[in-house]
Amino acid sequence: MSDPDKKTVVSTDSRKPKSVGLLGKKGLLVVLSPNLFGASCVVDKPAIVVGRHRECDLSLEDPQLSRKHCTLTVDANGDFFLEDLNSTNSTFLNSKKLVEKTRLHYGDRIIIGNTIIRFYIEEEIERK
Numbered sequence: 032m033s034d035p036d037k038k039t040v041v042s043t044d045s046r047k048p049k050s051v052g053l054l055g056k057k058g059l060l061v062v063l064s065p066n067l068f069g070a071s072c073v074v075d076k077p078a079i080v081v082g083r084h085r086e087c088d089l090s091l092e093d094p095q096l097s098r099k100h101c102t103l104t105v106d107a108n109g110d111f112f113l114e115d116l117n118s119t120n121s122t123f124l125n126s127k128k129l130v131e132k133t134r135l136h137y138g139d140r141i142i143i144g145n146t147i148i149r150f151y152i153e154e155e156i157e158r159k
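Under this note's numbering, think of the first position of the sequence shown as 32, with each following residue one higher.
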């Protein structure tokens, strides 16, 4: 229900708005497979490792995964890349076998073992 006392105010000031800060990007991996649905990992460092080993940044209980299956890295420009770590059962990006380090895009689907992961990029505001 709408509150009649709350009104939208539109500024008629012709000056340019001030910047609140620089936008930064963080990657987000979200597991979509039924047995691990909702498991996630924020990519908040230059590299994360995904695999079966409990010391991985995203550790998944999937017997088809290698202990260290793949890595996700971020370069100086904020671009995200996926690379297979010579895993036994390979890494697939958007249904294609990953053969080299490849740039990720919003919504990419990663399949490792029996696990399906979706990659997202989330923006955040960094204050100066």
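By construction, the Cβ of each residue, glycine as well, lies at the ideal position given by its N, Cα and C atoms.
Handout entry: Nearest-angstrom beta carbon gap, residue 80 and residue 93 [assumed within contact, 8 Å]
Key = Actually they are not in contact, since the Cβ atoms of residue 93 and residue 80 sit about 14 Å apart, beyond 8 Å.
Exercise for the section: Taking residue 140 as part of the beta strand (DSSP E), name the residues at either end of that continuous run. Expected result: 140-143
Problem - Environment of residue 73 [buried if 16+ CB atoms lie within 10 Å] - result: exposed
Practice task
Verify whether the separation of the beta carbon atoms of residue 102 and residue 86 is less than 8 Å.
Solution key: Contact: no.
Problem - Coil, strand or helix - residue 67 by DSSP - result: DSSP places residue 67 in helix when its eight states are reduced to three.
Exercise for the section: Could you say which of 131, 64, 68 and 77 lies nearest to residue 105 if we only look at CA atoms? Expected result: 77
Exercise for the section: Can you tell me which of 139, 116, 118 and 65 puts its alpha carbon nearest to the alpha carbon of residue 126? Expected result: 139
Problem - For residue 30, the first and last residue of its enclosing beta strand (DSSP E) - result: With the chain covering only 32 through 159, there is no way to say anything about residue 30.
Exercise for the section: Take residue 9 and list the residues in its own chain whose beta-carbon comes closer than 6 Å to its own, dropping the five residues that flank it on each side. Expected result: Residue 9 lies beyond the range of the chain shown here (32 to 159); nothing can be said about it.
Exercise for the section: Name the two residues that bound the continuous beta strand (DSSP E) containing residue 86. Expected result: Looking at the DSSP string, residue 86 is not in any beta strand (DSSP E), and its letter there is neither H nor E.
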